[in-house]
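Counting in this note's numbering, the sequence shown runs without a single skipped number right up to 514 at its last residue. Yeah, the Cβ is synthetic: ideal placement off N, Cα and C, and Gly gets one too. Everything below concerns the one structure shown next.
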Amino acid sequence: MVGPSETFRQQLAGEAAARGLAVWQANDSRWRPIPLATEPVFVPADEWQGLVADCRTVLSAFPLVLRWLQQPARERLRALVFRGLEGIEAELAARDPEASLDHATIRFDLFWHAGSWRVIEANCTIPAMQAYSDMARDAWLATTQRQLPDEGNTTQLLASLIGLHRRDHREAAGQGADLDRRLRIAILHRPDDSQMAELSHFKLVWSRNHQVNLCTPDQLAWREASGGIPAPGRFELLTNPVDLVYRHIFAWRLAPRLDLLAALRQHRHAGIYNPVSAHYEAKAFFALVSTIADDDSLSREVGLPASLRDAIKRRVPWTRVIGDHAQGVPVADIRSSDLEHLVFKCSYSYGGGQVFVGSEWNTAPVQERLRAATGVSGAVSLDLFLQHVRSQIRQAWIVQKRMDGMRHKTTLAHPDLDARVINGFADLSVFVDCNQPPQCAGGVSRFASGPVVNIGTGGGLAPLQIV
48 MVGPSETFRQ QLAGEAAARG LAVWQANDSR WRPIPLATEP VFVPADEWQG
98 LVADCRTVLS AFPLVLRWLQ QPARERLRAL VFRGLEGIEA ELAARDPEAS
148 LDHATIRFDL FWHAGSWRVI EANCTIPAMQ AYSDMARDAW LATTQRQLPD
198 EGNTTQLLAS LIGLHRRDHR EAAGQGADLD RRLRIAILHR PDDSQMAELS
248 HFKLVWSRNH QVNLCTPDQL AWREASGGIP APGRFELLTN PVDLVYRHIF
298 AWRLAPRLDL LAALRQHRHA GIYNPVSAHY EAKAFFALVS TIADDDSLSR
348 EVGLPASLRD AIKRRVPWTR VIGDHAQGVP VADIRSSDLE HLVFKCSYSY
398 GGGQVFVGSE WNTAPVQERL RAATGVSGAV SLDLFLQHVR SQIRQAWIVQ
448 KRMDGMRHKT TLAHPDLDAR VINGFADLSV FVDCNQPPQC AGGVSRFASG
498 PVVNIGTGGG LAPLQIV
């Protein structure tokens, strides 16, 4: 690969900066530009359509597996899979499985392996990077003087939110309701949210046709009041009614606010279309989906049809909960000789900090993170690590077959980085929704110099082009 000119790299960095491609670092009160690969990730359109279809199929297994897991006979297994859930998140994991699968958008993360993309985990609560992906794509298109598209992930997310809102308005107010009026939308986030640039982009785009406000929990109230659609409840932003709330904050952060917790318990009534579903994004739950699809008897118990089971086996790599065999399903049989082919992940963790790649186990950086995670002062062997994670009572861990990863050679557009070529890794994420018919089918690609691809651990974005 011949790298792009320095002029191109600087222009791309300027376009990215103009669009606000950055994360907010509250600890030192500054914006950190997100590195942007100068080389896009290209995916053929027919391959992309197959990926989206398979991701939707995998998603359809979630309520089937949860309903099976909720049976009284599965109590010990359920406790292991959902270890770490507390409060309202634990409460709502026990409700109707379909009720917690009502999302305007869900993100499936994929890694390349043996000639195809494989789904390695799901993100439901805050399936971020729709706007960041649009910023990265548009910055690259503008720099290469290509035509900007009419829509992207940001507008698809809005369409999905409105689609779910209209569905519930029809049920509440009948077919004669005014469904095309200007909506009042609140984007709920935590103070000093690291992704304020993305949320601000949502507001910028959505405000073209709707009234949009960014707000923290102390600015939002759920009140029981007469009138409003759907009646009788409504949100209020200070004194202004709100039709829709896009929740960009974990439910456990809202624990002191009893009114907001009440709204989360009735998300359709309240107009919240990423309902509490921490159970669906637990990596241990994802491991259970993999385990069941690989087992004839369990698949029959759960009721996985052959087409669904085939999609899971085609797209989801071997993934297992680290536990014991008394839980009623096969668990991981981990051997030191297999270490280089495995990846270990904490069930509820974000940002890549609790991900350990077996092939890098004995490197100094990984050993340092292992010591911090386990409290061991010396070298952390696989046996010591497994002993530690099996003794945990607050978190489950999973092991997954390591994917080869797509190598991506590029330079980075960033004001503080030089122009050297980096032979790193790129992943792929697919956004899907729970509308009928579907309204989200976009994606994002992240880039990193190492195999743990995450913006939180120093990675960046690659412009994604579906061709």
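At a cut-off of 4 residues, the continuous stretches assigned as alpha helix (DSSP H) that sit fully inside the region 179–250 are 200–220.
Residue environment: Asn470 is assigned as exposed (fewer than 16 neighbouring CB atoms within 10 Å of its CB, all protein chains considered).
With respect to Ser247, Gln486 sits apart: the two C-beta atoms are not nearer than 8 Å. Closest in C-alpha terms to Glu86, from the list Arg361, Glu94, Thr191 and Ser384, comes Thr191.
Taking each of Pro91, Ala310 and Arg255 in turn and checking the Cα distance to Ala268, the smallest one comes out for Ala310. Looking at the DSSP output, Gly471 sits in a beta bridge with His455. Where Arg294 is concerned, the enclosing beta strand (DSSP E) starts and stops at Leu291 to His295. Within the same chain, and ignoring the five residues on either side of Gln177 in sequence, the residues whose Cβ sits closer than 6 Å to its Cβ are Asn200, Thr201 and Leu204. A contact between stretches requires three or more CB pairs, one per stretch, nearer than 8 Å, and the region 148–158 fails this requirement with the region 299–313. In the three-state scheme derived from DSSP, where H, G and I count as helix and E and B as strand, His160 is classed as strand. Non-local C-beta neighbours of Cys102 in its own chain, meaning closer than 7 Å and more than five positions away in sequence, comprise Phe155, Val166, Val477 and Val479, ordered along the chain. If you ignore the 5 residues before and after His435, its C-beta comes within less than 6 Å of the C-beta of Thr421, all in its own chain and listed in chain order. Collapsing the DSSP output to three states places Val166 in a strand. Under the DSSP assignment, Ala137 falls in the alpha helix (DSSP H) whose first and last residues are Gly134 to Leu139. For Leu124, the enclosing alpha helix (DSSP H) stretches over residues Glu122 to Val128. With the rule of 3 Cβ pairs closer than 8 Å, the region 374–389 counts as touching the region 437–452.
According to the DSSP assignment, Cys102 belongs to the alpha helix (DSSP H) that extends over Ala92 to Leu116. Counting C-beta pairs closer than 8 Å gives fewer than three between the region 341–351 and the region 132–147, which falls short of the contact rule. According to the DSSP assignment, Gly507 belongs to the beta strand (DSSP E) that extends over Gly507 to Ala509. Contact check for Arg121 against Gln442 fails: the beta carbons are separated by 8 Å or more.
Ranked by how close their Cα comes to the Cα of Phe55, the residues Leu429, Ala189, Gly490 and Trp253 have Ala189 in first place. Within the region 334–370, the complete alpha helix (DSSP H) segments of 4 residues or longer fall at 343–349 and 353–362, listed in chain order. Comparing C-alpha distances from His257 to each of Asp239, Ala244 and Arg231 shows the shortest one belongs to Arg231. Within the same chain, and ignoring the five residues on either side of Pro80 in sequence, the residues whose Cβ sits closer than 8 Å to its Cβ are Ala60, Ala63, Ala64, Leu68, Ala69, His461, Pro462 and Asp463.
The DSSP-derived three-state label of Val436 is helix.
Note on geometry: alpha-carbon atoms of Val336 and Ile381 lie some 19 Å from one another. Note on geometry: alpha-carbon atoms of Gln117 and Val128 lie some 11 Å from one another.
DSSP, reduced to helix, strand and coil, places Val88 within a strand of the structure shown. About 4 Å separates the beta carbon of Ile359 from that of Ala340, a gap short enough to meet the 8 Å contact definition.
Annotation for Pro80: the continuous beta strand (DSSP E) segment containing it runs Arg77 to Pro80. In this structure Leu211 does not touch Tyr293 by the C-beta definition: roughly 11 Å separates them, more than the 8 Å allowed. Annotation for Pro322: Ser147, Asp149 and His314 place their beta carbon closer than 6 Å to its own, counting only its chain and skipping 5 residues before and after. Shown here, Pro288 sits in a strand according to DSSP, grouped into three states. In the same chain as Leu111, and ignoring 5 residues on each side of it, the C-beta atoms closer than 6 Å to its own belong to Val349 and Gly350, in chain order. Residue state for Ala460 is assigned as strand, using DSSP reduced to three classes.
In the same chain as Ala92, and ignoring 5 residues on each side of it, the C-beta atoms closer than 7 Å to its own belong to Ile513 and Val514, in chain order.
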